[in-house]
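Sequence lines, in order, name chains A and B. Take the first sequence: its letters are residues 275 to 973, numbered as in this note's numbering. Take the second sequence: its letters are residues 275 to 973, numbered as in this note's numbering. I have placed the structure first, in the form of structure tokens, so that the comments after it can refer back to it.
There are 2 protein chains.
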Amino acid sequence: MKRFAALFLAAVLPLAARADEGMWTFDNFPSAKVAKKYGFGPDAKWLSEAQLSSVRLAGGCSGSFVSPEGLVMTNHHCAHSCIEQLSTKEKDFVKEGFYAATLDQEVKCPEIELNQLVTISDVSKRMHSATQGLEGQKFAEAQRGEMARIEKECAGDDDKVRCDVVTLYHGGIYDLYKYKRFQDVRLVFAPELAIAFFGGDPDNFNFPRYDLDVSFVRAYEQDKPAKTDHYFKWSTTGAKDGDLTFVSGHPGGTDRELTLAQLKFQRDIALPEALFSLAEYRGALTMYTKLGAEQHRTAEAELFGVENSYKAFKGRYEALITETLWNDKAQREQKLRATVKKDRSMQKQYGAAWDMVAKAVDEYKPRRKEYQYIEGASPGRPSGFRSRYFTLAKTLVRAAEELGKPNEKRLPEFRDSNLPAVKQALFSAAPIYDEFETFRLGYSLIKLREELGADHPFVKKVLGKKSPQELATELIAGAKLKDLELRKKLWEGGKSAVDASDDAFVRLAKLTDPDARAVRKWHDEVIEPPEKKGAELIAKAKFQVEGTSNYPDATFTLRLSYGSVEGYEEKGRRVNPITVIGGAFERATGREPFALPKSWLVANQDGRINLGTPFDMATSNDIIGGNSGSPVFNKNLEVVGLIFDGNIQSLGGEYGFDPTVNRAISVCSPALLESLDRIYGAKRMVTELRAGASPAGLR
Amino acid sequence: MKRFAALFLAAVLPLAARADEGMWTFDNFPSAKVAKKYGFGPDAKWLSEAQLSSVRLAGGCSGSFVSPEGLVMTNHHCAHSCIEQLSTKEKDFVKEGFYAATLDQEVKCPEIELNQLVTISDVSKRMHSATQGLEGQKFAEAQRGEMARIEKECAGDDDKVRCDVVTLYHGGIYDLYKYKRFQDVRLVFAPELAIAFFGGDPDNFNFPRYDLDVSFVRAYEQDKPAKTDHYFKWSTTGAKDGDLTFVSGHPGGTDRELTLAQLKFQRDIALPEALFSLAEYRGALTMYTKLGAEQHRTAEAELFGVENSYKAFKGRYEALITETLWNDKAQREQKLRATVKKDRSMQKQYGAAWDMVAKAVDEYKPRRKEYQYIEGASPGRPSGFRSRYFTLAKTLVRAAEELGKPNEKRLPEFRDSNLPAVKQALFSAAPIYDEFETFRLGYSLIKLREELGADHPFVKKVLGKKSPQELATELIAGAKLKDLELRKKLWEGGKSAVDASDDAFVRLAKLTDPDARAVRKWHDEVIEPPEKKGAELIAKAKFQVEGTSNYPDATFTLRLSYGSVEGYEEKGRRVNPITVIGGAFERATGREPFALPKSWLVANQDGRINLGTPFDMATSNDIIGGNSGSPVFNKNLEVVGLIFDGNIQSLGGEYGFDPTVNRAISVCSPALLESLDRIYGAKRMVTELRAGASPAGLR
């Protein structure tokens, strides 16, 4: 799930992590607890093997090596953009599916980067001493500087290494995560969207489910399949009800430690506003995709992303308006604050933390829209400039300035450790569709004017007397950055080349950057430091009170969760945890999004499919957005499933885990094999998966 | 404003109605208080004249007689649907404006009904004794029955009389309002939309403003202009800063007396959900209007309504998440509850009221979507069947059943008192656009499936294996109700005719009506009675504690508010209360929605316009959605303005009035006359307005 993710909590959450709860770091996995409940506790070697067999897709997903030849299993929706980018007017791989019958038919994905976590080391001492006694802007600068230094020392100038200082427990612990980086990643297999997203938006986040949300890509090194000694073997039988299951992956983020003031801001402002914005864009975008086949092809990945975020945010919102969850959060905070207050030393160290955070939240409110619409924020969030051209131009304009600074003084996204990712995005050969660009830029300029107001100086500066649509059309007509060579020239030419450019978007980015930087600076120096510092103090207070027997909030770094194949109660009836392929044929109506692809209909007509094959399953693993593409595996490190979703109740996992109904949803390994073999005739892959055999032998 | 309306309350609201606050009934106007502040207090004769000169537009607006020949002034946006309905592909009056240079060029509006309030009489005793000691369903039935009897006794079978029992102070008082009804209403004048809605959605609910949101219609009786002895005279000079101003009109509804449980439901569920729904529909509808000129023409009135509701609901939402307002509401409720609790007799009578309401709210939550999507709710709210055809069919199907019952047993909308309105809507000659109908029905069916879930029995019953779009197309192809004669035949033929009809929508309405009735029955018998009864008990407790010196929540009945022309502070600067026509030319960009119409540009070029003429003004009158089209008049009963909006801060008026920033926005009478005279050359109207002279003399 790219799926940023809320749940209808029926019960009050107790204070400590319960049965099956937790997105654990690999260096603090509660093996003894798992062994006690399930009769098996992972040892160090097992954990290391699972860690090295797992990969992150830098764009926001998870995956796993499933052969010694670099074959990676992930979701269709994680590779959707790539599949769309490789398609043309004439050949639509999203609609028709993709299969490289031979190795040399595997095609490079322009924008996929894989990260394999190699080592974890504790750098808390260095980080804490670098910021000791500092506040506000100085705190932020010192923190950023020390992070940049540590990362630089770790990675040097090696593009193949990625080093990130990871903030865990909101600054209670800082770890250095060292990754091996793969940037040559090629598409091997993807089914038709009709089955990869069967049930479409109506079934998204629902269960029972019938969905083959899979794609396979392959990591390459020096133009050859990467040698990957660590990989998950394949279970042809899969898992059954009650079996112990593990999920390794990269949950994008949870907010289980937010203060009440922050939660209130989420509930009353941030989530509703994101939803208003997404809902309207969804309506417009849906209509855009209906204008014609080409519009559909070029915009459907964006629509999928928008619908997915919309549903996920709505789930979160629903969790926050649930009284039981809210009251539980309030009680926990009051209890911790009371405990801190009673101890004079703790009160002195941590007592001010909550008000510090609340003040930052209050200060953020009146300028939040300027921050979002002028500087632009996270994906799925509102923005004044929805445009690939603008993103490219802004990168060039900022790089020209930032790269002249010492590493530790740069904006974090331009630190050396992140440059390979910046360059991959900047020099991506992914097509740009001018008509779609015009639509979404024009749309976002209207929202810019609406949200900041027609009289806002920035709006006047950007629009002048032009209408949003008119400006968008004019900008696209003057856009030159489709030319990859020009982008390279501007990147290499630095500030003088960028200043001399007459590209319409470079000019726009230059015009707007002072305003964007000003509001960014305010956010990074006035708002963020007290929020971070407050969170760190609260985390430390918790350590002191509760010990370190808990897991940290998710941070898009590798985590391991445990659980089992398990049904649940919904609206008074028991939901069985495993569906079978035959169910898909029963559910099919022949109409989108419930129309099965021709390949499935034909295979069924021919009697080739075993309809009793387990298809999708629900497990009690604690996961969230970012876990999309994660392997589900058994105690023998064999793949039994492929995470692609959570049920609707799991969305509240953002704020807390309810073991009675929160379920992870995966495709069962038997369904994957059955369909590759009997529906798609992908013999090369079947052999590779079954044997871990070299794909070279299969050409 | 059709505009359902929220404000950023800076200050805590005290308990009693303050300076300029209040939407007062004509029989309880605080003349002494006004006299004390402004040196003038209306007497009975003055009040009667103002009452009889005011009219209601049954569709949701206000207006006033401005000549003895039935000439009525209202907003352009109140007649927008009519103007659109009178337009054709060839002649677009919305875009080009409309002016009947002679009386016989005035054209009938298919759906406008005017109501002139003639008498008010207190029927509280009858109503209270009819429901004494009853609860739940019995309470609701008794109440409905007694209302129907009173209305019937009052109006008899006279179509020209409309009698409504009006619930004031949530049942503290019941009044019988007797109206004279006009159903032959003809369009006289409307300017181009470009000036009637100058600044469009970006400027909507904003001030300073430059907007000529006016239209004139005329009431007819027996095919001749109605003789209207009571009417407002015209002030050619208008009002100046500080002048006392009155506004009479029909504020649609306020929620100033909701309990905390109800407010919480509004804040967390009702408003956000309505906004999610409106936002998405807005996005889709905007794209629809861009498909072509014809799509634009046929859908822009709906888009305007959606954008207006969206902004109004957002304002309300923002008021509810304002801590000061929330805390004030909480304190008031706690204080009243504490006072009640201290007095044994009061506690016995009223003590249970708040929990009664809270329980009803809780019970409503889990089935709210079924109620909304299956039975359909108020305008601007979500619905599963956005379709004029479906609305007509549902009316026919229900009428066939309801009209066979005694008056007091019918659903309220089919009581004799309401039949003229039902018939006017049913037999309206307004065009139906099949392409637009297909679009919005398909859209709403998708939402029906999304909100209730693909597996909901009702969804399965409606859709079967069809896609929403497919079903919509099929239904429209089988729609026959465009034929007015057929509608009449089905209405007159009753149940047997309706049962025999093969019209696709009649069949759909028959198919869905049992489900719709079931959920309606649940709502009307289980949810509404305790909410109403609780509100009535709380109102009585308030009477007992505070006396009757207050005004009731708005109920789309005639109210009078007082105030003055007054500026306010916004973002640290003073906003002047009056703009001038020259400002429009400064603000114009030549691009929609800031493009002035050609008539204005030419008149300005020719030097015909006095640019210093007062254009729009802000007054401190307490108004809300439904007051659109209200006259603003001085102590001499002369029109000085025409309400068309409130500022953004006024939207919180739903829940409370903040005198420092809440402002009503109107067009100044001099701008109306100046533009009619010098821009539009509407000499006939200028003479009629100036003189109250017979329009017959002006042919």
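Glycine is no exception: its CB is placed at the ideal position from the N, C-alpha and C atoms. Here the structure is a predicted model, which is why all the values come from computation and not from measurement.
Asked	Found
Three-state secondary structure (DSSP) of Met297/B	coil
Reduced DSSP category for Ala284/A - H, G, I as helix; E, B as strand; rest coil	Below a pLDDT of 50, predicted positions are generally treated as unreliable, and Ala284/A, at 29, falls in that range; the measurement from the model is reported next regardless. Residue state, collapsed to three classes: coil.
Ala728/A at chain B interface by Cβ criterion, 7 Å	yes
Contacts of Leu247/A in chain B (Cβ-Cβ under 7 Å)	Absent from the structure is residue 247/A, since the part of chain A shown begins at 275 and ends at 973.
C-beta contact flag for Gly920/A and Ala938/A at 7 Å	yes
Reduced DSSP category for Cys383/A - H, G, I as helix; E, B as strand; rest coil	coil
Pairwise C-alpha distance: Glu343/A and Leu992/A	Outside the modelled stretch of chain A, which goes from 275 to 973, sits residue 992/A, for which no answer is possible.
Closer than 7 Å to chain B by CB, Gly557/A	yes
Beta-carbon separation (whole angstroms), Phe339/A vs Ser327/A, contact threshold 8 Å	5 Å
Rounded distance between the beta-carbons of Trp320/A and Leu911/A, thought under 8 Å	7 Å
Residue from Asn349/B, Ala429/B, Arg590/B, Leu925/B with nearest C-alpha to Ala470/B	Asn349/B
Residue-chain proximity (Glu554/A, chain E), Cβ-Cβ < 7 Å	In the structure shown, chain E cannot be found, because the protein chains are A and B.
Own chain residues within Cβ distance below 7 Å of Cys428/A, not counting five before or after	Cys437, Leu450, Lys452
Coarse secondary structure for Asn582/A, derived from DSSP in three states	helix
Assigned exposure category for Gln325/A - 16 Cβ within 10 Å defines buried	buried
Environment of Asp729/B [buried if 16+ CB atoms lie within 10 Å]	exposed
Glu844/A (DSSP reduced to helix, strand or coil)	strand
With 16 other Cβ atoms within 10 Å as the buried cut-off, status of Arg571/B	buried
CB-CB length for Ile386/A against Val462/A, believed under 8 Å	Not really, about 12 Å apart at Cβ, beyond 8 Å.
Rounded separation between Thr510/A and Val635/A - CA only	51 Å
Short CB-CB distance (under 7 Å) between Pro656/B and chain A	no
Neighbour list for Gly864/A in chain B, Cβ cutoff strictly below 8 Å	Lys739
Exposure of Val876/A, with buried meaning 16 or more beta-carbon neighbours within 10 Å	exposed
is_contact[Asp789/A, chain B] using C-beta, thresh 7 Å	no
Closer than 8 Å at the beta carbon, the chain A residues around Pro546/B	Pro546, Leu549, Tyr591
Between the CA atoms of Thr669/B and Ala774/B - distance to the nearest angstrom	16 Å
As assigned by DSSP and simplified to three states, the class of Asp777/B	coil
6 Å CB neighbourhood of Ile447/A in its chain, flanking five on each side removed	Ser398
Val340/B (DSSP reduced to helix, strand or coil)	coil
Any chain B beta carbon closer than 7 Å to Pro482/A	no
Proximity to Phe701/B [Cα-Cα], best of Leu764/B, Tyr707/B, Glu748/B	Leu764/B
Classification of Asn895/B by the beta-carbon crowding that lies within 10 angstroms, buried from 16 upward	buried
Within 7 Å, strictly: CB atoms of Val368/A and Leu467/A	yes
Contact set between Thr560/B and chain A, taken where Cβ atoms lie within less than 7 Å	Ala558
Chain B contact for Pro851/A (CB, 7 Å cutoff)	no
CB of Tyr717/B within 7 Å of CB of Ala558/B, strictly	yes
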